Structures are given as C-alpha cells and as structure tokens.
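Visitor: 28 is the number of the first residue of the sequence shown in this note's numbering; add one for each residue after it. Take this structure first; my questions come after.
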Amino acid sequence: MCGIVGAITRTNCVPFLIDGLKRLEYRGYDSAGLAIANMEDHQIQRARSVGRVSELELHAAYLDARLGIAHTRWATHGIPSERNAHPHMSEGKGFAVTVVHNGIIENHDEVRRRLMVDGYVFHSDTDTEVIAHLVHQKMVAGADLLAATQAAAAELHGAFAIALISSNAPNTLVAGRKGAPLLVGVGDAELFIASDASALISQTKKIIYLEEGDILCATDKNLRIFDARGNLAQRPVVTSQLSADAVDLGPYQHYMQKEIFEQSGAIAATLEMVSNAQSINPELFGADASPILNQVSQILILACGTSFHAASVARYWLESIAGVPTVVEIASEYRYRESVCLPNTLVITISQSGETADTLAALHHALAMGVEHTLSICNVPESALIRASRLKFLTRAGPEIGVASTKAFTTQLAALFTLTLVMAKIRGRLSGPQEGMLLAQLRHLPAAVAKVLEIEPEIKKWAPLFANKEHALFLGRGVHYPIALEGALKLKEISYIHAEAYAAGELKHGPLALVDSNMPVIAVAPNDTLIEKLKSNLQEVSARGGELFIFADRDTKLTASPGVHVLKLLDHAGHLSPILHVLPLQLLSYHVALVKGTDVDKPRNLAKSVTVE
Ligand code: F6R
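Set out below in structure tokens:
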C-alpha cells in the first residue's frame, strides 16, 4: 500500500528518492511521484506518472535538489491517474506547499467544503489534497510549515503518515504519523524518512521509529521531533538488523519463489530459542508471560487473509493439544461487531506487517472492551501491533517482499505451535515424554520443509494443466481445511483463477454441483485419521468427471489413475503436517502464475501492507 520516502541530502536527493520508491514497490501501488525543493531559488518542482517507478525515473531525470519527498500511490479515493498521484500541491499568495500521504483522511469531505468556501480549488479526487490546502491556509494565516502541519494534523481524522515541503521553508522537511508507519533514517549530515526500513537500507542502518502522533521538523542542520501534545520528544536511534541481502532477489526469478525457498531457514530462525531449549517455557512470549498465560481460560485470535488462515490452523492445535477453547475471527468483522468478551480471554493478533489497519483496529476494539491479556505474533519489530500488545512473539522470517504471503505464514504457524505447547504444558496436558516428542517434531521441521520443497519439478509439470482453467476447487479436512483455504487464496491472488476451498465433508452440501471436467479439484490428503473420509469425498468428485490433483503423504494409500493425479510429500512432521502441506500449494500457484504470465510479486489490485480499511 502507499509508500513514502523523503530526504535532506548533501548532494542530489533524487537518486535516493527513486531507489527508495523502488524498494517500496512490493507494498503495491499504481502511480508514483516526487517533489523537490530547491534550497537556492526556493522553487518546488514535481514529477508524477501512472505505472511503475521506472516510468517516474524517466520523468524525474532532469531534477536536482537536496530536499525532496516521494510517493507510491495505491488508489483509494480517485482512479489511478497522474492528477491523483502524489505529491499534491497547494499554491497561492506567492508560495506552494506539497504533500505525500499514506492512509485515509476520514473527514476529507467536510474539510474540503470549508477550504472551498475559502477559495481553494481542488485538482484531484483524493482525500490527500485537503492536507496541502489546509497547511497552506494556515501558513497564509502566519504559521510556519511545522506549526501549520501540527494544527492541520489535529483537525484531520483517520490514520495517516504525511511528509511535506514548502517553497516558503525551502530547507525544511516536516513529516508525521498517526496510525500509519513512518521511520527516520539518520545519515552522516543527511536525513531520510520512509514507510519502512527496506527503503533506507542503502543509506543507513540508524533508524528512529516515530511514535503515534509524532511530527518531525528537519533541516540540513538539525532534527526536532514533537510528540502528539506538541512537546519536544527524544526518540532512541536503533540499529536496523535488516541486511541488503535480505531484500535482494539473488539468483531467484521472483521474490515469491525466493521466499518459498527461504522457509526452511526462516522457520529455523523463528524457532531458534525453542530448538535450543530442553523444555518449552512461557517466557518465549515475553518476560511476564507466565502469570498472564496461567490465567487464560479461552483464546480469541484476530487476523486477516493469510494470517487468518494461520489462526484457523492454530484453533485445531490449541483445542486438541492444549485443551483451550479457541475462537478465530476475521479482524475486519470483529472490529465492528458487538461481541461478548469473557474474562481471562487471551486476544491474539497475527500479522506479517504489524500495520494492517483492520487487525490493529480489532486489537484496539478488544482493548476498549476491557481485554487485558493481549499477544501479537508478528514479523516486524517496532510495528504498531507489537507496540500495542502486552505479550509478543516475533517471527523471524526476514522481509517478505512478494505480495503473496508464504514464509510469513509458515513462521506464524511455527510460533502458534510453540504457543500451543506452552499452553498445553501450563494446563498439565503435556507429559515429559510428550513434550520431548513434540519438541523433536519442531526441531525436525526445517529439514522436513527443505525435503518437501524438492517436489517443485513435479509441480511444474502440473502447472500447464491449470493455465486455461477459470475455476478451481480446493478440499481439505480437519487441521488441513485452513490449508486448503490458503491454497485457494494463493492461486486466486497471483494467477487470477477463481478458486474456492471447502471442508471436504461440505462438498455434497452444495459445491459438488460445480464439479465437471472443467473444474480441477485440488485435495490436501495427509495420511491422518480423516484420510478414509476424505477418500470417500474424492470418489464423489471422480464419479462426476472432476479431475483430481492430490497432495498426499509418502504413505497415503492413493494411486494415480486417469483423471487422478497424485504427488506424495517426501517427509512427515506429525502435528506440524499443515506446514508441510501448504508448501506444494504455494509452489503450484507460483508455477501456474508463471505459465499464465501474471505479475507474480505484484498481483493486480493488491497491496502488501494493507494500512487502510
Ligand atoms: C495473502 C496475503 C494477505 C495478508 C493480509 C494480512 O497472500 O498476504 O492476505 O495475509 O493482508 O496481512 P498481515 O499479515 O500483514 O496483517
């Protein structure tokens, strides 16, 4: 979703702005733009274009200045077009203000009406343009850029991050955040801002994470940060752990492919503390986790998309292994629903980015309802979600650039299984030998993942069989039903084939009507207690002429026949089988997308970090 970069540099800042935007491309966008302020002649120049950042790079090639802001836009208010692309500008009374913005201004209609009464003319359909005019209006009334931005921010409702420059303050960059991320990179007599650390990595590892409501004012001489109440604030400079390698493509064709094959290492890194321990302990979730988890009598998990699927797998584990009543809910539903919250509920939020607006709002909704015990499982340290939760578990997947989530999902599952073991132990449901056996399964997981990924050449052969299909059905049962859901989500988001997933037992209650020779049916078929039931469901498909693609275990007794394709996974992982069974589904959607020639890493209409509702 929208990305912001900005800089005050010693030489031309435009190459950094372009490089920073390119590094934020993964977030998803449909247009891009930048504005620079020339410190010598006080002029602001702007370049904007629809499409890729490389297009903007051509438009901006002639620009040269030491102060600038830039943006990738993912359209919310107004179609993707040059006039809706950021930066937006307000000009008049001899000066200009220009702004880039991430998030949504909820009261933009009302603010726009007031500004129009004051003579401001709007040139775009965006909510962002009100910020430029509002700040301009306040500067006309005598405020400087900082004071005008602080006053404007106080009038704006919604969640946003903004950065502004003005020809009336040609040495000054003002930026702030309220509900959307913004980081500062501290260089050698240089300063950078960006929506996430990956955009800063080529310049500096010294990062300041702005707090909610912070507004910064930077010149080439100094940096001041003001908190939400306008008081001067001190924010620590931390060293980012992100390495340039982590965000480079290396030998891979796409980030999604790279991230699929990074899963073994990502899971090993996530489980490092667990694997090295002789026994499982609650402190893995925070220093004060033990007394909190001991009080927990039920769990509510809130998440969106792929993270919701991880939550859905965890529900099976938490109830069957730990015996904790567990409810899973889509965050965007929960946040607006009148629900009943029982005492001693642990509310878990799961998010790769930690900035997903719906998940954050769901957590705040739970807190407002009086929930005391909160835990976030997240891949981004210092994210809004991590900061808002009492307990936390950081997955160590490294940056996930491909829009379709892969390694974030499997590391979330590794974290959730760890939590299951902790809860089982607290509730006296784990004997010493069982604990040892389950820990051994966890330790074996990275090797099992690597082994299962060896299936790729076989899956490549299946991919062309899907290329001219318009629909696909995914089936699973029990803890593998959410894996079928995840497989369908992966296929639809990157290959644009309409895919649905059903608990296989539901087939005869409706979806069976869809099955004919044009409907490929993909089945997740581990050799578990439900396999015989699943086999009956698969017979129902075959009997109606449906073509079956089955992912079985090494020892599942299923053989290929005309219309029935079977691939067997090369390793087992006991309770962790869902983590192995999602891997071939990720590979299948990747290879089908390759055959179809879609934009694998940046599928149409989607954004990586969904910071708006
Ligand atoms: C799908 C995908 C999305 C995200 C969802 C939540 O591949 O990536 O469905 O899982 O937008 O994002 P996070 O986990 O960042 O909260």
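Yeah, the Cβ is synthetic: ideal placement off N, Cα and C, and Gly gets one too. Note that the structure is a prediction, hence the values are computed from the model and not measured.
Identify, in the order they occur along the chain, each residue of the same chain with its Cβ nearer than 6 Å to the Cβ of Met396, setting aside the five sequence neighbours on each side.
Guide: Cβ neighbours of Met396 beyond the five flanking positions: Cys368.
Visitor: Which whole-angstrom value is the C-beta distance of Ser58 and Arg73, which I expect to be below 8 Å?
Guide: Contact flag wrong, Cβ pair sits at about 13 Å.
Visitor: At what residue ranges does the segment 341-382 contain a whole run of the alpha helix (DSSP H), taking only runs of 4 or more?
Guide: Here the runs fully enclosed are 358-361.
Visitor: So, do the segment 561-572 and the segment 604-621 have three or more beta carbon pairs nearer to each other than 8 Å?
Guide: Too few Cβ pairs lie closer than 8 Å, so no.
Visitor: By DSSP's criteria, Ile319 is part of a beta bridge. Which residues make up the other side?
Guide: According to DSSP, which records beta bridges pairwise, Ile319 is partnered with nothing at all.
Visitor: Quick check: the segment 126-138 against the segment 78-94, are there 3 or more CB pairs under 8 Å?
Guide: Judged by Cβ distances under 8 Å, the segment 126-138 makes no contact with the segment 78-94, as fewer than three pairs qualify.
Visitor: So, under 8 Å CB-CB, Gly429 and Met283 are touching, yes? Tell me the CB distance rounded to an integer number of Å.
Guide: Yes, Gly429 and Met283 are in contact; Cβ-Cβ is about 4 Å, under 8 Å.
Visitor: Go to Lys49, then tell me how far its beta strand (DSSP E) extends in each direction, as first and last residue.
Guide: It is not in any beta strand (DSSP E) - Lys49 instead sits in the alpha helix (DSSP H) that spans 41-51.
Visitor: When the distance is taken between beta carbons, is Val32 closer than 9 Å to Ser222?
Guide: Contact flag set, yes.
Visitor: Do Ile234 and Leu227 have their C-beta atoms within less than 9 Å of each other?
Guide: In contact: Ile234 and Leu227 (Cβ atoms closer than 9 Å).
Visitor: Give the secondary structure of Lys452 by DSSP, where H, G and I count as helix, E and B as strand, and everything else as coil.
Guide: It is helical.
Visitor: CB of Glu520 to nearest heavy atom of the ligand F6R: below 8 Å?
Guide: Glu520 Cβ: within cutoff of the ligand F6R.
Visitor: Within the present structure, is the beta-carbon of Cys29 separated from the nearest heavy atom of the ligand F6R by less than 8 Å?
Guide: No - the ligand F6R has no heavy atom lying nearer than 8 Å to the Cβ of Cys29.
Visitor: Is it the case that the Cβ atoms of Val323 and Ala338 are separated by a distance below 9 Å?
Guide: For Val323 and Ala338, no; Cβs fall outside 9 Å.
Visitor: In the segment 453-510, which residue ranges form an unbroken alpha helix (DSSP H) of at least 4 residues, counting only runs that do not cross its ends?
Guide: For the segment 453-510, whole alpha helix (DSSP H) runs of length 4 or above, ordered along the chain, are 459-479, 483-489.
Visitor: Counting pairs of Cβ atoms below 8 Å between the segment 30-45 and the segment 92-101, do you hit three or more?
Guide: Yes, since at least three Cβ pairs between the segment 30-45 and the segment 92-101 fall closer than 8 Å, the two stretches touch.
Visitor: With the cut-off set at 9 Å, would you say Leu210 and Leu237 are in Cβ contact?
Guide: Taking 9 Å as the Cβ cut-off, Leu210 and Leu237 qualify as a contacting pair.
Visitor: Comparing alpha-carbon positions, which option in Leu276, Ala271, Leu250, Arg256 lies nearest Val264?
Guide: Taking only the C-alpha atoms, the option nearest Val264 is Leu250.
Visitor: Under a three-way DSSP split, which group does Ile71 fall into?
Guide: Of the three classes helix, strand and coil, the one that applies to Ile71 here is strand, per DSSP.
Visitor: Can you give me the Cβ contacts of Glu310 inside the same chain, cut-off strictly under 8 Å, excluding the 5 residues immediately before and after it?
Guide: The residues are Ala316, Ser317.
Visitor: What residue range is occupied by the uninterrupted alpha helix (DSSP H) comprising Gln325?
Guide: Careful: Gln325 lies outside any alpha helix (DSSP H), inside the beta strand (DSSP E) at 325-330.
Visitor: Taking 6 Å as the limit between beta carbons, can you name the residues of its chain near Gly514, skipping five residues before and five after?
Guide: Phe501, Leu612.
Visitor: Output the distance between the C-alpha atoms of Leu492 and Ile549, rounded to the nearest integer angstrom.
Guide: If I take the Cα positions, the gap works out to 12 Å.
Visitor: Answer yes or no: does any C-beta atom of chain C fall closer than 9 Å to that of Leu614?
Guide: Protein chains in the displayed structure number just one, and chain C is not present.
Visitor: Which partner residues does Phe253 have in the DSSP bridge list?
Guide: Paired residue(s): Ile242, Leu259.
Visitor: For the alpha helix (DSSP H) holding Thr297, just list the boundary residues, first then last.
Guide: Looking at the DSSP string, the run of the alpha helix (DSSP H) that includes Thr297 is 290-297.
Visitor: Is the beta carbon of Ala179 sitting closer than 9 Å to the one on Val162?
Guide: Against a cut-off of 9 Å, the Cβ pair of Val162 and Ala179 comes out as a contact.
Visitor: When the Cα atoms are used, what is the spatial distance from Ala271 to Ser229?
Guide: C-alpha separation (whole angstroms): 7 Å.
Visitor: What does the alpha-carbon distance come out to for the pair Val575 and Glu289?
Guide: The question names Val, yet the displayed sequence has Leu at residue 575. Taking the straight line from one Cα to the other gives about 29 Å.
Visitor: Please classify Val126: does DSSP put it in a helix, a strand, or coil?
Guide: Residue state, collapsed to three classes: strand.
Visitor: Excluding sequence positions up to five away, which residues of its chain have a Cβ less than 8 Å from the Cβ of Trp344?
Guide: Leu443, Phe444, Thr447, Val506, His602, listed in sequence order.
Visitor: Based on DSSP bridge pairs, tell me the residues matched to Gly429.
Guide: According to DSSP, which records beta bridges pairwise, Gly429 is partnered with nothing at all.
Visitor: Using a Cβ-based criterion (distance less than 8 Å to any ligand heavy atom), does Ile377 qualify as near the ligand F6R?
Guide: Indeed, a heavy atom of the ligand F6R lies less than 8 Å from the Cβ.
Visitor: Only counting the same chain, and skipping five residues up and downstream in sequence, which positions put a Cβ closer than 6 Å to that of Ser193?
Guide: Around Ser193: Val124, Leu172.
Visitor: Between Ala530, Glu52, Val476, which has its C-alpha nearest Asp275's C-alpha?
Guide: If we check each option's Cα against that of Asp275, Glu52 comes out closest.
Visitor: Bridge partners of Ala202, per DSSP?
Guide: The partner list for Ala202 (beta bridge, DSSP) reads Ala190, Leu243.
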